[in-house]
Amino acid sequence: MSARLTTLDDLPATVRMPGFERRERGAGIVHLGVGAFHRAHQAVYTDDALARSGGEWMITGVSLRSCDVADSINPQSGLYTVLVRAGEGISARVVGSIATVLAAPREPAQVLDALAAPSTRIVSLTVTEKGYGFDPASGGLDRTRPEIIADLATPARPTSVVGYLVAGLVRRRARGAPGLTVLSCDNLPDNGGLVRRLVLEFVRELDRDLADWIAETVRFPSTMVDRITPATSDETLAEAERATGRVDKAAVETEPFSQWVIEDDFAAGRPDWEAGGALFVASVAPYEKMKLRMLNGAHSMIAYAGFLAGHVHVRDAMAHGAMRVLVERHLRDAARTLEPVPGIVLPDYAARLMERFANPAIAHRTEQIAMDGTQKLPQRIFEPALAAYEAGWPLDSFAFATAMWLRFVLGRTEDGRAYALRDPRAAALAAATDGKSGDAGGLVDAVFELDGLMPGRLAQARPFRDAVETRLVRILEKGVDAAIAREAMP
Ligand code: CS2
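Residue numbers (the UniProt record's numbering): 1 to 490.
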């Protein structure tokens, strides 16, 4: 059995190493949500930035809910392997930009200290869509969420993302520490604006002066992030051990492609993320819409249709002729709803997505992407559907994706296997669909009426509703495979 990855000594020459002396670099970033995506994306850009331009930008990771990442990465001094996989090729790189990971459930005071440290100049986040605790109907805090209720009652002992951000800022101000930049890196439209709104709403209930201080001294730039990164599996860990000769419990695998577009609005400096290829722009919105509607929208369609048709991975669905046709159609229909995106030719972007989805070396589970549909579909499917409806463009792709999601919500495959609906609104979905599993029209009506799920104008758009129902009838009566084949017919 190999030794554990704890130092950079004696790694094989084929493994790329951090291009800087880790001991010489101090911390400057606190990152909330140290999952596989962060380790394959922002931490890699930061590694590149530290190598090219130095600076005190080491990352202190924070896991808000579990201790797993801290327990796997801290014994490795924060080191871990990124495997980049395409075709037969695989390359390994050990990343050195994470100094340590704190587990909030175990050491909440240390997390607050890190947020309040004057050396912390950026707090970045990848906490998933549901992590923000917002109410999609109002765009403000979701006051029915237990963690939000608890944090508003006892703000000094937070558990939620917004609660931690606010408690950290309270301490910073009390200490006289300067403002900083809060950098959301989740797949949500206007992610910076969203987190700013939530933080300010929360703070206004506690302390109006503090709200003014935050509005003046804290920046909340928006970002678009992209790199397809499946959850780490045992196979990832075995592959990392083969590549490095070390046991690495924090390894991740990802694709070659990576993109980061960031609004250039920082309160107290930033790393030289351009070193890793990041693009700084005045407005992220066009990039973010493109990515959410094309990549993520098509991904969600593939996830629901693919999962129900028995495709375990995205690449398996992409090997199926009719599914490929539908992915191409989806990308075209989504692209039509976009304004021009500076520097990007949308048909080329779409062609690249087809290749990325089909990457045979990436085992991205459809079931992973299918989770949290209520949090993802509004920006991925419903917003472009509304744009298409209002412009008189085809609705088929969006209606098909929606119908497949509704079928997925029933929680049972065609051969009768039950699966858990992992979604923060699972209870509301179950209540809405209860007793209606054979009634397409009833299902559509009940789900379309859910609060804050769909823009009102879309829920009331008869052509969209009917297009979804027609498809759901077909799925329920003829089956998923037949519905996919029919949909792909010219
Ligand atoms: C996926 C994304 O799980 C999902 O919902 O659509 O995680 C996707 O892989 C990334 O956004 C790619 O950058």
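Positions of the beta carbon are idealized from the N, C-alpha and C atoms, including for glycine. Source: prediction; values computed, not measured.
*asked:* Mapping the DSSP letters down to three states, classify L188 as helix, strand or coil.
replied: Taking the sequence shown and counting its residues from 1, one reaches residue 188 at position 188. If DSSP states are grouped into helix, strand and coil, L188 belongs with coil.
*Please classify L32: does DSSP put it in a helix, a strand, or coil?*
Within the sequence shown, residue 32 is the residue found at index 32, counting from 1. In the three-state scheme derived from DSSP, where H, G and I count as helix and E and B as strand, L32 is classed as strand.
*Pull up the CB-CB distance for A305 and M323, whole angstroms please, since I reckon it's below 8 Å.*
Here the question's residue 305 lines up with position 305 in the sequence shown. Here the question's residue 323 lines up with position 323 in the sequence shown. At roughly 7 Å, the Cβ-Cβ gap stays under 8 Å, so A305 and M323 are in contact.
_Three CB pairs or more closer than 8 Å across the stretch 112 to 127 and the stretch 24 to 33_ = Result yes; three or more Cβ-Cβ pairs closer than 8 Å.
*Who are the Cβ neighbours of L279 in its own chain at under 6 Å, not counting the five residues just before and after it?*
Within the sequence shown, the letter at position 279 stands for residue 279. Counting only Cβ-Cβ distances below 6 Å, and skipping sequence neighbours, we find V261.
*asked:* Is it buried or exposed, I148, if we count other Cβ atoms within 10 angstroms and call 16 or more buried?
replied: Counting from 1 along the sequence shown, the entry for residue 148 is found at position 148. By the neighbour-count definition (other C-beta atoms within 10 Å, threshold 16), I148 is a buried residue.
*asked:* At the level of alpha carbons, what is the spacing between V409 and I369?
replied: Against the sequence shown, residue 409 aligns to sequence position 409. Against the sequence shown, residue 369 aligns to sequence position 369. For V409 and I369, the gap between their C-alpha atoms comes out near 14 Å.
*Rounded to whole angstroms, what's the CA-CA distance from E355 to G179? Just pull it up for me.*
The count along the sequence shown starts at 1 and reaches residue 355 at position 355. The count along the sequence shown starts at 1 and reaches residue 179 at position 179. Near 42 Å, if we compare the C-alpha coordinates of G179 and E355.
*Using a threshold of 8 Å, state whether the C-beta atoms of A167 and M301 are closer than that.*
In the sequence shown, residue 167 corresponds to position 167, counting from 1. In the sequence shown, residue 301 corresponds to position 301, counting from 1. Not a contact, by the Cβ cut-off of 8 Å.
*Proximity test, R85 beta-carbon vs the ligand CS2 heavy atom, cut-off 7 Å*: Mapped onto the sequence shown, residue 85 falls at position 85. No.
*Considering only C-alpha positions, which residue in the set V327, A285 and A391 is nearest to P340?*
Mapped onto the sequence shown, residue 340 falls at position 340. Considering only alpha carbons, the answer is A285.
*Expressed to the nearest angstrom, what Euclidean distance is found between the alpha-carbon atoms of D47 and Q259?*
Reading the sequence shown from its first residue, position 47 is the one you call residue 47. Reading the sequence shown from its first residue, position 259 is the one you call residue 259. Cα atoms of D47 and Q259: separation of roughly 15 Å, rounded to the nearest angstrom.
*Using CA coordinates, which residue listed in R145, T159 and L79 is at the minimum distance from A103?*
Counting from one through the sequence shown, the residue named residue 103 turns up at place 103. Checked all of R145, T159 and L79; the closest Cα to A103 is T159.
*In angstroms, rounded to a whole number, what distance separates the CA positions of R52 and L386?*
The residue labelled residue 52 in the question sits at position 52 within the sequence shown. The residue labelled residue 386 in the question sits at position 386 within the sequence shown. Using only the alpha carbons, I get a separation of about 44 Å.
*Can you grab the Cα-Cα spacing for the pair V195 / R336, in whole Å?*
Taking the sequence shown and counting its residues from 1, one reaches residue 195 at position 195. Taking the sequence shown and counting its residues from 1, one reaches residue 336 at position 336. Annotation: V195 to R336 spans about 29 Å, alpha carbon to alpha carbon.
*Have a look at Y164 and R65 and give me their C-alpha separation to the nearest angstrom.*
Translated into positions along the sequence shown, residue 164 becomes position 164. Translated into positions along the sequence shown, residue 65 becomes position 65. Cα to Cα, the separation comes out at about 12 Å.
*Could you tell me how far apart the beta carbons of A116 and A49 are, in whole angstroms, since I believe they sit closer than 8 Å?*
One-based indexing of the sequence shown puts residue 116 at position 116. One-based indexing of the sequence shown puts residue 49 at position 49. At roughly 24 Å, the Cβ-Cβ gap does not stay under 8 Å, so A116 and A49 are not in contact.
*Return the CA-CA distance between D186 and G269, expressed in angstroms with no decimal places.*
As a working mapping, residue 186 is identified with position 186 in the sequence shown. As a working mapping, residue 269 is identified with position 269 in the sequence shown. Their backbone Cα atoms lie some 21 Å apart in a straight line.
*The alpha helix (DSSP H) enclosing Y164, as first and last residue numbers*: For the purposes of this step, residue 164 is identified with residue 164 of the sequence shown, where counting begins at 1. Boundaries of the alpha helix (DSSP H) around Y164: V161 to R175.
_8 Å Cβ cutoff met for A250 and R315_ = Within the sequence shown, numbered from 1, the residue matching residue 250 stands at position 250. Within the sequence shown, numbered from 1, the residue matching residue 315 stands at position 315. Using a Cβ distance threshold of 8 Å, A250 and R315 do not count as a contacting pair.
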